[in-house]
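Line by line, the protein sequences give chains A and C.
Residues in the first sequence are numbered consecutively from 1, following the working numbering.
Residues in the second sequence are numbered consecutively from 1, following the working numbering.
Glycine included, C-beta positions come from ideal geometry on N, C-alpha and C.
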Amino acid sequence: MAAGVDVSLEFSGGAELLFDRVKKHDISLPSQDKSWTLQCLLAWIRDNMLKERPELFMQGQTVRPGILVLVNDADWELLGELDYVIQPNDTITFISTLHGG
Amino acid sequence: MPANCSLCDGRAVLKRPKTGDTLCRECFYYAFEEEVHKTILDANLFTSGESVAIGASGGKDSTVLAYVMKLLNDRYNYGLKLVLLSVDEGITGYRDDSLETVKRNQNQYDLPLKIVSYEELYGWTMDAIVKQIGLKNNCTFCGVFRRQALDRGAMLLKVDKIVTGHNADDVAETVIMNVLRGDIGRLRRCTAITTGTEGALPRCKPFKYTYEKEIVMYAYFKKLDYFSTECIYSPNAYRGFARSFIKRSGKNSTQCNHRYHSFRREPLCQKGSEDASSG
């Protein structure tokens, strides 16, 4: 049993438009059987926060190509992407690159 | 824990899509800026004393372009007179907001700003056009209008050149669009770093080799002020299809954009990168 974790989520570059235009959300992830990986977090966001058009944020089990993910201001590609295990008080940032130019 | 920087052993913050290198913030800024500088030098984009208009929409690409052009002009004494040039298409809730961003950039980067509008040039705003003809192919002719508006604004400013924020991903999308349309003429021209030299003002793309991910990361780490909302008339634009295709294929290949450009280039921090010229 993994304990619950408090994390900050940030959405920018247009990704905030899918979350009521709110850029910063402090959330508490509930305790669950396995550890809280970014993959679990994405599923949780899809089921609990995304109100409409989840396909604009997710594609399959991961984020839609063109959305950058950072953990504590570091590229998630350095951290194992979906397999990264979230630590308490991590800040996870989603930046859309899909808007404007 | 995050990896170390490939160049200085600091804490890496990003994996470069072009090379797979892991870089810390400072080394990333350095690599990003120096690659644009190298692009400018290799292609002889500018001559000292020229006036250059930066096509500025308030979006990520042109905001980062304005910042980097200003920085490199100062750092390397290009001797350029830089000015921001914006086009107001007359799209309520989109361009009016993004122009506010450009006005802030004008102060932040200490660059003069000129705005030309569809209304003053053509007597029509995009809002009025869409009201008349409905939501179809709006981007196609808005693009034609904007291109000409930028030229006319540049003529008014009496500049020698226009630079735009088109990046490597944009160029790759344009290649795919021209393939799908079977437009051989445009396919040949669309990857040129400078276009429109015959009669018209030359237009250059200093970010031609710069990946969108790095532009966005640069803007994020530098906390640059940019506007990010999709144009209200664009959701059905043809470009969207090419865009998602490139993004999907990019998941499978770090140098996908280079393949679409079909040319060979040595990145500044190259380390065991694969052949970039196939495809």
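Proximity winner among the options, relative to residue i (alpha-carbon distances)
{"i": "GLY310 (chain C)", "options": "C:ILE40, C:VAL179, C:LYS114", "result": "Any question about residue 310 (chain C) goes unanswered here, given that chain C covers just 1 to 279."}
{"i": "MET126 (chain C)", "options": "C:ALA3, C:ASP110, C:VAL144, C:THR195", "result": "C:VAL144"}
{"i": "ILE246 (chain C)", "options": "C:VAL52, C:CYS190, C:TYR30, C:ALA168", "result": "C:ALA168"}
{"i": "HIS25 (chain A)", "options": "A:PRO65, A:LEU9, A:MET58", "result": "A:LEU9"}
{"i": "CYS5 (chain C)", "options": "A:VAL85, A:GLN87, A:ASP75, A:THR93", "result": "A:ASP75"}
{"i": "ASP83 (chain A)", "options": "A:PRO54, A:CYS40, A:LEU98", "result": "A:CYS40"}
{"i": "ALA242 (chain C)", "options": "C:LYS161, C:ASN138, C:ARG95, C:ILE176", "result": "C:ILE176"}
{"i": "GLN106 (chain C)", "options": "C:GLY90, C:LEU84, C:CYS24, C:ASP96", "result": "C:LEU84"}
{"i": "ASP151 (chain C)", "options": "C:TRP124, C:LYS208, C:SER86", "result": "C:SER86"}
{"i": "ALA154 (chain C)", "options": "C:VAL116, C:SER57, C:GLY123, C:TYR122", "result": "C:VAL116"}
{"i": "THR191 (chain C)", "options": "C:LEU80, C:GLY199, C:PRO206", "result": "C:PRO206"}
{"i": "GLU89 (chain C)", "options": "C:LEU99, C:LEU180, C:LEU82, C:LEU80", "result": "C:LEU99"}
{"i": "ILE162 (chain C)", "options": "C:THR39, C:GLY196, C:GLY123, C:CYS142", "result": "C:GLY196"}
{"i": "SER57 (chain C)", "options": "C:LYS223, C:ALA149, C:VAL159, C:ALA172", "result": "C:ALA149"}
{"i": "SER96 (chain A)", "options": "C:GLY79, C:VAL171, C:GLY59, C:TYR122", "result": "C:GLY59"}
{"i": "GLY4 (chain A)", "options": "A:LEU29, A:VAL22, A:GLY13", "result": "A:LEU29"}
{"i": "TYR233 (chain C)", "options": "C:CYS142, C:ARG186, C:LEU157, C:GLU120", "result": "C:CYS142"}
{"i": "ARG189 (chain C)", "options": "C:VAL171, C:ILE40, C:VAL130", "result": "C:VAL171"}
{"i": "THR174 (chain C)", "options": "C:LEU187, C:LEU111, C:THR164", "result": "C:LEU187"}
{"i": "ARG181 (chain C)", "options": "C:LEU135, C:ARG203, C:ARG239", "result": "C:ARG239"}
{"i": "THR49 (chain C)", "options": "C:ASP160, C:LEU135, C:LYS131", "result": "Strictly speaking, residue 49 (chain C) in this sequence is Gly, with Thr absent from that position. Measuring from the Cα of GLY49 (chain C), the nearest candidate turns out to be C:ASP160."}
{"i": "CYS204 (chain C)", "options": "C:THR164, C:GLU212, C:MET217", "result": "C:THR164"}
Per-residue burial, residue i [other beta carbons within 10 Å of its own, 16 or more giving buried]
{"i": "ILE133 (chain C)", "result": "exposed"}
{"i": "CYS231 (chain C)", "result": "buried"}
{"i": "ASP74 (chain C)", "result": "exposed"}
{"i": "ASN77 (chain C)", "result": "exposed"}
{"i": "ASN178 (chain C)", "result": "buried"}
{"i": "ARG46 (chain A)", "result": "exposed"}
{"i": "ALA276 (chain C)", "result": "Unreliable placement is indicated for ALA276 (chain C), whose pLDDT of 34 sits below 50; no coordinate value is reported for it."}
{"i": "CYS27 (chain C)", "result": "buried"}
{"i": "GLY10 (chain C)", "result": "exposed"}
{"i": "LYS34 (chain A)", "result": "exposed"}
{"i": "SER228 (chain C)", "result": "buried"}
{"i": "THR92 (chain C)", "result": "exposed"}
{"i": "LEU137 (chain C)", "result": "Reading the sequence as shown, one finds Asn at residue 137 (chain C) and not Leu. So ASN137 (chain C) ends up on the exposed side."}
{"i": "ILE184 (chain C)", "result": "exposed"}
{"i": "THR22 (chain C)", "result": "buried"}
{"i": "LEU70 (chain A)", "result": "buried"}
{"i": "GLU55 (chain A)", "result": "exposed"}
{"i": "GLY14 (chain A)", "result": "buried"}
{"i": "LEU111 (chain C)", "result": "buried"}
{"i": "LEU156 (chain C)", "result": "exposed"}
{"i": "VAL22 (chain A)", "result": "exposed"}
{"i": "THR210 (chain C)", "result": "buried"}
{"i": "TYR118 (chain C)", "result": "buried"}
{"i": "LEU98 (chain A)", "result": "buried"}
{"i": "ILE193 (chain C)", "result": "buried"}
{"i": "THR140 (chain C)", "result": "exposed"}
{"i": "ARG25 (chain C)", "result": "buried"}
Residue interval of the alpha helix (DSSP H) (run including residue i)
{"i": "GLU120 (chain C)", "result": "118-122"}
{"i": "VAL171 (chain C)", "result": "168-181"}
{"i": "VAL13 (chain C)", "result": "Here VAL13 (chain C) belongs to no alpha helix (DSSP H), and DSSP marks it neither H nor E."}
{"i": "LYS38 (chain C)", "result": "25-42"}
{"i": "ILE184 (chain C)", "result": "184-189"}
{"i": "GLU214 (chain C)", "result": "212-221"}
Anticipated Cβ contact below 8 Å, residue i with residue j, distance rounded
{"i": "TYR109 (chain C)", "j": "TYR67 (chain C)", "result": "6 Å"}
{"i": "ASN72 (chain A)", "j": "ASP6 (chain A)", "result": "Rounded, the Cβ-Cβ distance is 14 Å, inconsistent with contact."}
{"i": "ASP96 (chain C)", "j": "ILE215 (chain C)", "result": "Actually they are not in contact, since the Cβ atoms of ASP96 (chain C) and ILE215 (chain C) sit about 24 Å apart, beyond 8 Å."}
{"i": "LEU42 (chain A)", "j": "MET58 (chain A)", "result": "6 Å"}
{"i": "VAL36 (chain C)", "j": "LEU7 (chain C)", "result": "No, VAL36 (chain C) and LEU7 (chain C) are not in contact; Cβ-Cβ is about 18 Å, not under 8 Å."}
{"i": "VAL296 (chain C)", "j": "LEU82 (chain C)", "result": "A query on residue 296 (chain C) cannot be resolved here, the shown segment of chain C reaching from 1 to 279 and no further."}
{"i": "VAL63 (chain A)", "j": "PHE94 (chain A)", "result": "7 Å"}
{"i": "ALA219 (chain C)", "j": "VAL64 (chain C)", "result": "5 Å"}
{"i": "ASP225 (chain C)", "j": "ARG104 (chain C)", "result": "6 Å"}
{"i": "LEU80 (chain C)", "j": "PHE46 (chain C)", "result": "6 Å"}
{"i": "TRP113 (chain A)", "j": "ILE67 (chain A)", "result": "Nothing about residue 113 (chain A) can be read from this structure; chain A reaches only from 1 to 101."}
{"i": "HIS166 (chain C)", "j": "LYS208 (chain C)", "result": "7 Å"}
{"i": "GLU81 (chain A)", "j": "LEU38 (chain A)", "result": "7 Å"}
{"i": "GLU77 (chain A)", "j": "LYS15 (chain C)", "result": "4 Å"}
Boundaries of the beta strand (DSSP E) in which residue i is found, first to last residue
{"i": "THR93 (chain A)", "result": "91-96"}
{"i": "LYS136 (chain C)", "result": "From DSSP, LYS136 (chain C) is part of no beta strand (DSSP E); its letter is neither H nor E."}
{"i": "ILE27 (chain A)", "result": "24-29"}
{"i": "ASP6 (chain A)", "result": "5-12"}
{"i": "VAL85 (chain A)", "result": "Here VAL85 (chain A) belongs to no beta strand (DSSP E), and DSSP marks it neither H nor E."}
{"i": "ILE67 (chain A)", "result": "67-71"}
{"i": "LYS158 (chain C)", "result": "Taken as a continuous stretch (DSSP letters only), LYS158 (chain C) belongs to no beta strand (DSSP E), as it is neither H nor E."}
Ordered list of beta strand (DSSP E) runs contained in the segment 48-112 of chain C, each at least 3 residues: For the beta strand (DSSP E) assignment, the uninterrupted runs of no fewer than 3 residues enclosed by the segment 48-112 of chain C are, from N- to C-terminal side, 51-55, 81-88.
Jot down the residue ranges of each uninterrupted alpha helix (DSSP H) in the segment 33-60 of chain A, minimum 4 residues, whole runs only, in chain order. Every alpha helix (DSSP H) of 4 residues or more that sits fully in the segment 33-60 of chain A is shown, in chain order, as 38-48.
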